[in-house]
Structures are given as structure tokens and as C-alpha cells.
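Undergrad: Chains as they are written, first to last, in my numbering: chain A, 10 to 208; chain B, 28 to 653.
Before we start, here is the structure in question, set down as C-alpha cells.
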């Protein structure tokens, strides 16, 4: 059976974990082997959060250098930070909305120019997909749904071994009932953004 | 309320569980009766799962005040012939070690499982200690799962094993196993016995010297039996990939990377997976080593198996060469990954590490360390104290502790200078107060106070230490995921409980200067600190305010939440809010414009007090910025 390795990166509080659970859970429901690594604890307090999802006949729950098939990044500079996990064929999907770390907001370090980040990624990988996930999520109802927009964008790449409809259905079965409509909308916006963009 | 997924009764159903949840499921399939623990990452979700299930689990579960207490509660359950478990992070076993060492001498009646979660790479810990040494230190058999399904099975069968050998079983995990999510095949849930009965046997359970000497004899006999079991354990097995060029001995998470590496590179050889890794099955290992041309050992942490194998090979005069940490193919540091195995085995087998990873041109990125949340009352405590200290801030010693408040180490708060372990804040501050004339300050949270902050307090009163002891009472155990503690009015599992009042304990210990203050009131808190710093003796300041994450959840529920914003006309761009307060919701752009990110603002309003120009106020009712 084919294997698929997905890395999700973001910042504590962005919903990286729940997106990862939805991807893994939907793959399991479709009959695939899944093992993943989550982050709990200290890193969740505004630090970098990385989740690995390994689909197929694999025992390892971590993804090695250059092994990722997809990088789903909820924050633009975190996509750059995770590039060691990517190869030239990796599909890199990133949210374009920055989350400024305290080290930058107090002026100790500088948050880089995003165009520079995107061009640095583009120089080594031509599969970069940029999604204004936070903006779209706000349109759907709340910025908190940016992770759902990103899930939609992932589904639209066709890389997942489950259809966009099945992933959406699975995700909607896990969100609080009163947010179903909003999350459904956010997911579709992610699909559309990806379809009208690069992929 | 919906039934917790871990309580699913559908036998043979495959569900997606976190390693920690799989451990709980395994215990419930084994007829568990008693569970006790103090939360500690990476083991925390074991307790969280019991806590959420409440009475539905049919188990007596408690959060205990610390790991030693928890282990002794569980030991009593086992002595009453009930199945009992305790679980902790690796350093928690240091706290419980006194009880742990002697439970090996008394042995157990009801099966007893001690889950101990190591944290190689220090994801959430102060050290990388390898607790497999503890199994050897105490002579306690040990199981090491590599997957979620194994975590469940080893837990379930661990209770049987414990009763068969009459010793507790150490189920040793690492962060990667605790926080791995994988497929688990459900077995039937087995109800516990409910209540047991303690048959008295002082010769066994009262460990006075004469009895302890016998206990040691019994322990050694029991370990002989454990060795026989280990030689035949289904958890120790050889995976034959054809050929005898190399034999790799692996355990825990390292096994996963080894097997995937062997398969993907088509390497012919054998893998000996040690799941029951103490006592090491000596005969099995010897046979394995004799069957291959060379041996490599893949184990995270210290070279324990590697040293054991060297000993076994020496005793049996095997000529096979053993590669691992002693030959610099692997490291003692950090958790392993596919890359570790690729590099180590690649070097040994002359397979180039060809990982195609991208090497982009360098762009400097800001670091993103974990930090205190927007609205966190700990930031307010540190901010007020810094104001009260004034010029003395530089020489004051911040003796901190384990909890969210350790994150005060980040600039610009810089409120952490010394930390060893749970409770070290107050004990060391006492030492500092005698060893130097610099102002000594101790900081610990409410849960850490109950865990190990009280004996240090009594010591400080007794020995007349002079320092300021801050108890940051945020009404929860925040860092590990908001577990209850004795000051909160509820127990593990959800039942209400009167618990203990921190202020009364402090007064009861004989402290005369005690102040309770809301740290969200910067002026009042600064004033309290001025008095405390001037006081000639031990001064205890309890800064009492609920964790911002819990508070904002309540506000949003009742519809009273309002984020704050900066009035750009009033803002003088002085950056006091940025440079001294540094709430992550307050942002500074490249033009020097300060604004509050509404998405992150938790509405605590304390920045209003920090701004010298009155430029910060609530977002108006329509949510439209001025």
C-alpha cells in the first residue's frame, strides 16, 4: 500500500492538533493504517507545534529529513522553519497570516519580510500553495476556523487517500454542533482557495 | 453526557487512541480498581482520561498531592488484592523512589502497574534521565511499548504478569509513545472487584530490618522467575527479514525507526525487539547474537541494553562485534527519529544518507519559545514585583519552580534565575537567604505548593530564613492541562471536595507576614511587594487569580468578554507596554505602531494599567475600532 507522510506545523493555540486528528481519523475510517505524533505540554504555550501523520504501512510516527509528502503550515515562517522535512516534490501549503512571536514584538529579533520567505521557499520547491486561511476563516465567522480552511486546502490537493467530501464529513462529525455550518463553510473556502490558486 | 471513547464497549472495534489513552484502556480491560497520580507531562493525559470519565470508569481514581503519595495509595490497593496503578513522568519517580524501592521488597498481591514516562529531548522536563535504570536499581520487571496497541496490551497483560511474579511492573514509555496516536483494537472491558480486603501479614508488609532482609531474598527469587518469563515473553521477539549480515536489538520508539529503515532499504538481517527489557532475556539475546555476523543496538538514552549484551557476549565467549553508543554510532542524547537511525545504521552499513532534504538560502527567523499567555496573571505578578524592586531587580535572586510561571524566564520579565525540580524554589531561596545578602525570592504555583512547597515553608520558618515567598495561585494545575488541586474545591473525577486553603496552611506553619492579593491589580500588588521586601523575616505573598485561559472561557460563555485596543491618537509610541510587559497580544509593527491583536487578547485589561498615557481601552460594543 502507498504511504503518505504529512507534517502540520503551527503555533500553540492554532488548532494544529485537532486538524491532525481529523486527517488521521478520516484516513483510519477509510481503512488505512495511521500513526501520528502529537505535541502536548509546554510547547503549546505559544511555541512551535509540529504534528506528524504517517499513513500506510508504517511503524514510525516521526517523519525524517526530506521525507514529508505534504507540509501544512498554519503560519508562514513556520513553513520555512520546517523545510528540512521537505524535498523538491513536497507539496507545501501555508497560511499567509503571520503570528508574531514575542521575541519579535519586543524587538529582540526581527520578523522577516514574507515575500523573502516565500521566494526562499520557491527557490528550492515549486509546489508552494499560499492560502489566506485566517482571512477566509474570519469571513466564515471566526479566525479560529483557519485550521479548517487549511484542512480544505489539503483536501483539494488530491494527495489525501480520502476524498474531500469524506474528510469534510469526518471533520464536521467532530466539531461542536453549533459550529458545523461555520466549519463547513470554512472547509469549502479552503478547497476553493486551493483550486483557484496553484494546485 | 456522551460516553468517553476509551469506554467503548464494541469488542474488536479499531479506534484511534493516544498512547496515554491506550494505557487507560488496557487497564480497564484488566479489571483495574485503584488509580492514583500526580499530573506530569508526558504522562498527563492518562490522568486526564480518568478525570474526564469520572464514575463511568468504575475505578477509584484520585489525583494525589505528589507521586510518592500516589504510589503509596496504589500500593495499599494492591495489598488489598485489588489491581492498582500509578503513573508519572520520569522525574516523578524520583519523588516516589523511597516508596518504590521498598515495594519491590514487600512485593504485591493485586497486580500493580507503575507507568513512568521518560522525556528524552526534554520536551517538557528539566532532564533526560533514563528511568530504565530504576528497573535495574529496584529489581522490578519492566515493559517498554513501541506502539499504541502495544501500550494497551502491555498494560493489560502487565497486571497478569505482576500477579504471577508478585512484583510491581514498571511500564516505561517515552514522550513519543505517550503522545503517539495509533490504531488500537478493543478487547472486552473487565469490571474490577470494587472493594478488597487487607489480610494482615506484618512479616511481609512491615519492613523493619529483620523483615526487609527476608524481603530482599524474596525479591531476588521473584526476579529469577521474571527472567524465565522474559526468556519466553511474547513481547520479546525476533523479526527475520532474511539474511544474517546484521542483527539489530531495539526497544521502544527506536524499534519503529529501525524496522521502517530496514524495510525501505531492503536490508537483509534480523531485529530483536525487546518489549520486556528487564530482566533482559540473556539466553535469547545470546542465541540472537550467535545467529548474526554483527550486532547493533538501537535504544534511546543510556547504553543499557548495549552494556548488557556486551556482558552476555563476554560470558558466553561470543566473538560478535556490538555497535551502538560505545562505538559512536548512536547518541546518549535526545529522542531518536528516522534520521538518527538513518545516520547510525548508514554509517555502520556504508549506506549513504540520501535524504533529499531541502537546503534553502538562509533567512534569519525569530525564535518562538513558549511564553506566558496573553492575560496570564503570572506576568502581572512579575511586572508588579519588578516595579517594587526597582534598582534591586538586578541583584535579586529569582528562585523559581516547575509550572507555567517558569516561562517568566523570557525577556523582558527575566524572572527566573534558579531551578532544580518541584519545590526547589522555596528550599533554595532559604539557602540563598543564608548564603548571600542579595534579596532572595521564591516562586511556585498552587499545585506545586501542595506537591512540595510546604516542607520548605516549615523549614524556612524553623530556621528563620528571610525571603519573599510568592505562591502564584492561579486556581489550577495549568501547565500540564488544568488538572484540579487541593485548593480548588474538586477532586480528580469531578466530585466536589473541601480541600485545603493555602493561606490557612501558610499561617498554620507559623508565618506572620501573609498577604493575599489579586495580581491583576498592579498598584495593589506592587504595594504588597514593597511591604514584603521591607519585612524583616519570611514574607509570603499569595497572588490569587484564575488562569487566564479558564477565566476567558467563562467570560465568553456568559457573553461578558471584551478585547482591548490601542487608541492610536493617544498612543505616544513609548513602548512601555512592549518593553516592560510584553503581552503576546500586543504587537509592534515596523513603523513603531503598537496595536492589540484582538484574536489573541484575553481581555484581562491589565495593559490599561500599564500604559502611562491612557491609550488602551476596551473595544466598543459594536466591535468597530475607533
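Beta carbons are placed, not taken as given, at the ideal position from N, Cα and C, and that holds for glycine.
Report the neighbours of residue 184/A on chain B: residues whose CB is nearer than 7 Å to its CB, in chain order.
TA: Neighbours of residue 184/A on chain B: none; closest Cβ ~14 Å, over 7 Å.
Undergrad: Assign residue 680/B to one of three DSSP states: helix, strand, or coil.
TA: Examination of residue 680/B is not possible in this model, given that chain B is present from 28 through 653 alone.
Undergrad: Sort 50/B, 240/B, 86/B and 56/B by Cα distance to residue 36/B and report the nearest one.
TA: When each option's Cα is compared against that of residue 36/B, the closest is 56/B.
Undergrad: Taking DSSP as the reference, what is the three-state secondary structure of residue 651/B?
TA: Residue confidence for residue 651/B is low, a pLDDT of 43 falling below 50, so the modelled location carries little weight; the figure read from the coordinates is stated next. Of the three classes helix, strand and coil, the one that applies to residue 651/B here is coil, per DSSP.
Undergrad: Which residues in chain A have a C-beta closer than 9 Å to the C-beta of residue 384/B? List them in chain order.
TA: Under the 9 Å cutoff, chain A gives 73, 74, 75, 76, 92, 93, 94, 95 and 96.
Undergrad: Between the region 385 to 419 of chain B and chain A, which residues of the former have CB atoms less than 8 Å from a CB of the latter, in chain order?
TA: Hits within the stretch, in order: 385, 386, 387, 388, 390, 391, 392, 393, 394, 395, 396, 397, 398, 399 and 400.
Undergrad: Taking residue 167/B as part of the alpha helix (DSSP H), name the residues at either end of that continuous run.
TA: Unbroken run through residue 167/B: none, as it is neither H nor E.
Undergrad: Between residue 649/B and chain A, is the shortest Cβ-Cβ distance under 9 Å, so that the two count as touching?
TA: Since pLDDT at residue 649/B reaches only 46, below the 50 mark, its modelled position is unreliable, and no value is offered.
Undergrad: Taking all protein chains shown into account, decide if residue 556/B is buried (16 or more other Cβ within 10 angstroms of its Cβ) or exposed.
TA: Counting Cβ neighbours within 10 Å, residue 556/B comes out buried, since at least 16 surround it.
Undergrad: Does the region 346 to 365 of chain B come within contact of the region 141 to 161 of chain B, defined as at least 3 CB pairs closer than 8 Å?
TA: Yes, the region 346 to 365 of chain B is in contact with the region 141 to 161 of chain B.
Undergrad: Classify residue 105/B as helix, strand or coil using the three-state DSSP reduction.
TA: Residue 105/B falls in the helix class under three-state DSSP.
Undergrad: Excluding sequence positions up to five away, which residues of its chain have a Cβ less than 7 Å from the Cβ of residue 645/B?
TA: Contacts found: 589 and 591.
Undergrad: For a contact meaning CB atoms closer than 9 Å, what does residue 69/B contact in chain A?
TA: Those within 9 Å of residue 69/B in chain A are 49 and 50.
Undergrad: Among the residues of its own chain, which have a CB less than 6 Å from the CB of residue 350/B, if the five just before and after it don't count?
TA: Same-chain partners within the cutoff: 323, 356 and 375.
Undergrad: Is residue 293/B helix, strand or coil when you go by DSSP?
TA: DSSP places residue 293/B in coil when its eight states are reduced to three.
Undergrad: Can you list, in chain order, the residues of the region 203 to 224 of chain B whose Cβ is nearer than 7 Å to any Cβ on chain A?
TA: Taking 7 Å as the Cβ-Cβ cut-off against chain A, the residues of the region 203 to 224 of chain B that qualify are 203, 206, 207, 208, 209 and 210.
Undergrad: In chain order, what are the residue ranges of uninterrupted alpha helix (DSSP H) at least 4 long that sit wholly in the region 442 to 501 of chain B?
TA: DSSP runs (the alpha helix (DSSP H)) wholly in the region 442 to 501 of chain B: 451 to 462, 473 to 479 and 481 to 489.
Undergrad: Exposed or buried, what is residue 243/B when buried is set at 16 or more other beta-carbons lying within 10 Å of its beta-carbon?
TA: Its Cβ having fewer than 16 others within 10 Å, residue 243/B is exposed.
Undergrad: Please identify the residue among 184/B, 200/B and 163/B whose C-alpha is closest to the C-alpha of residue 73/B.
TA: Checking every option, the nearest Cα to that of residue 73/B belongs to 200/B.
Undergrad: By the 7 Å beta-carbon criterion, what residues does the region 432 to 444 of chain B contribute toward chain A?
TA: Taking 7 Å as the Cβ-Cβ cut-off against chain A, the residues of the region 432 to 444 of chain B that qualify are 434, 437, 438 and 439.
Undergrad: Kindly list, in the order they appear in chain A, the residues whose Cβ is closer than 8 Å to that of residue 43/B.
TA: Near residue 43/B (Cβ distances below 8 Å), the residues of chain A are 30, 33, 34, 37 and 43.
Undergrad: Give the secondary structure of residue 636/B by DSSP, where H, G and I count as helix, E and B as strand, and everything else as coil.
TA: In the structure shown, residue 636/B sits in a helix (DSSP, three-state: H, G or I).
Undergrad: Take every Cβ of the region 483 to 502 of chain B, pair it with every Cβ of the region 550 to 569 of chain B, and state whether three or more of those distances are shorter than 8 Å.
TA: Contact holds: three or more Cβ-Cβ distances are below 8 Å.
Undergrad: What's the call for residue 437/B, buried or exposed, on a 16-neighbour Cβ count within 10 Å?
TA: Buried: at least 16 other Cβ atoms inside 10 Å.
Undergrad: In terms of alpha-carbon separation, which member of 519/B, 54/B and 135/B lies closest to residue 246/B?
TA: For the residues 519/B, 54/B and 135/B, the minimum Cα distance to residue 246/B belongs to 135/B.
Undergrad: For a minimum of 3 consecutive residues, which ranges assigned as the beta strand (DSSP E) are wholly contained in the region 275 to 328 of chain B?
TA: Entirely contained in the region 275 to 328 of chain B, the beta strand (DSSP E) runs reaching 3 residues are, in chain order, 297 to 301, 303 to 305 and 321 to 325.
Undergrad: Under the DSSP definition of a beta bridge, which residues are partnered with residue 523/B?
TA: According to DSSP, which records beta bridges pairwise, residue 523/B is partnered with 517/B.
Undergrad: Can you tell me whether residue 52/B is buried or exposed, with buried defined as 16 or more other CB within 10 angstroms of its CB?
TA: Under this definition residue 52/B is a buried residue.
Undergrad: Tell me the rounded alpha-carbon separation between residue 283/B and residue 173/B.
TA: Taking the straight line joining both Cα atoms gives about 7 Å.
Undergrad: Going along chain A, which residues have a C-beta under 9 Å from residue 284/B?
TA: In chain order: 68, 69, 71 and 73.
Undergrad: For residue 369/B, which residues in chain A fall below 9 Å Cβ to Cβ?
TA: Per Cβ cutoff of 9 Å: 73 and 74.
Undergrad: Looking at the unbroken alpha helix (DSSP H) that takes in residue 182/A, where does it start and where does it end?
TA: 173 to 183 is the extent of the alpha helix (DSSP H) around residue 182/A.
Undergrad: Going by DSSP in three states, residue 127/A sits in which element: helix, strand or coil?
TA: Reduced to three states, the DSSP call for residue 127/A is helix.
Undergrad: Kindly say whether residue 99/A, judged by its beta-carbon, lies nearer than 9 Å to any beta-carbon of chain B.
TA: Judged by the 9 Å Cβ criterion, residue 99/A is in contact with chain B.
Undergrad: Between residue 87/A and chain B, is the shortest Cβ-Cβ distance under 9 Å, so that the two count as touching?
TA: Yes, contact with chain B.
Undergrad: What's the C-alpha gap between residue 202/A and residue 30/A?
TA: Rounded to the nearest angstrom, the two C-alpha atoms are 22 Å apart.
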